[in-house]
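FYI, in the working numbering the residues of the sequence shown are 11 to 219. Working notes, beginning with the structure itself.
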Amino acid sequence: MQEEVLRSSSEQPEYFKPEIVEEVLTQSLESFKEVIHPSLYSKLEKTIDESASKIAQDLNSRSYGLGRAEQVDCILSSISSLNYEDARAVFEKKFIYTTLAQTGFDVNRAAKYLDISEKTLHRKIKKHGIDLAAEVALQRSDAVKQPQECAEGASQMMQTVADGRPVSEVQRLRELMKQYQRRIEERQKISVVVSPDQKGAKRLSLKAA
């Protein structure tokens, strides 16, 4: 059974999907619209559209985020001391939480990513006690911070130009992806907590690190 879980996990989409990369880069690029020359802005838009698949492939092959196999190994290492049913519950909860985080806690997108119905995903969210409202609120808080991060990124790129160092389109795109990756990493700092309840049975939960 565990082999089936691992096999089905390996068949899921990669950590970074082309459409998500394109969406994030496009949204981030919009924050630089006031400081980038219109002709260069249009060129970057075209570059994002043409390069999203290649960038996603590159990100998935590097250490920007955990690949699917590494995610599975990470989860299994945290549940190795539990029995099968407990381990499966932890695996499912952590896998669902990670998927939700990757999709910005958009239930519709997460359900499509997991290839299950929204109704089923809502049921599992409730079952595992994932506070969707709190996560959405945190995401909105992150959105407030984003303009400042983008402004800092723009300032760094402008300083690079001022210093006479060439700034390629790839460098600009990498800066945008680094900002996105930092937000993903903050959301994924969760750990497994195993504690006995009043009857001595194991109680499983996830908490932010």
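Each residue gets a CB set at the ideal place from its N, CA and C atoms; glycine is no exception.
Integer-rounded CB distance, given that residue j should sit under 8 Å from residue i
i, j, result
"ILE58", "LEU39", "7 Å"
"LEU131", "ALA143", "Rounded, the Cβ-Cβ distance is 15 Å, inconsistent with contact."
Given residue i as reference, the closest of the options once Cα atoms are compared
i, options, result
"VAL146", "TYR107, SER49 and ASP125", "TYR107"
"GLN67", "ILE30, LEU110 and GLN37", "ILE30"
"PRO28", "SER61, GLY139, LYS129 and LYS104", "SER61"
"SER63", "GLN37, PHE105, GLU32 and LYS137", "GLU32"
"PHE101", "ILE46, GLN112, HIS138 and MET187", "HIS138"
"VAL34", "GLN112, TYR51 and ASP96", "GLN112"
"THR109", "ASP96, GLU95, ARG98 and ILE135", "ILE135"
"LYS104", "VAL117, ARG133, LYS129 and ILE140", "ILE140"
"SER151", "ILE126, HIS47, GLY114 and LYS43", "GLY114"
"GLN149", "LYS122, TYR123, PHE42 and ASP116", "ASP116"
Min CB distance residue i to chain D below 8 Å
i, result
"PHE42", "Annotation note: the requested chain D is absent from the structure, which comprises a single protein chain."
Just to confirm the assignment: which complete alpha helix (DSSP H) runs, minimum length 4, are found wholly within the stretch 89-150? Unbroken alpha helix (DSSP H) stretches of 4 residues or longer found wholly inside the stretch 89-150: 94-112, 117-124 and 128-137, given in chain order.
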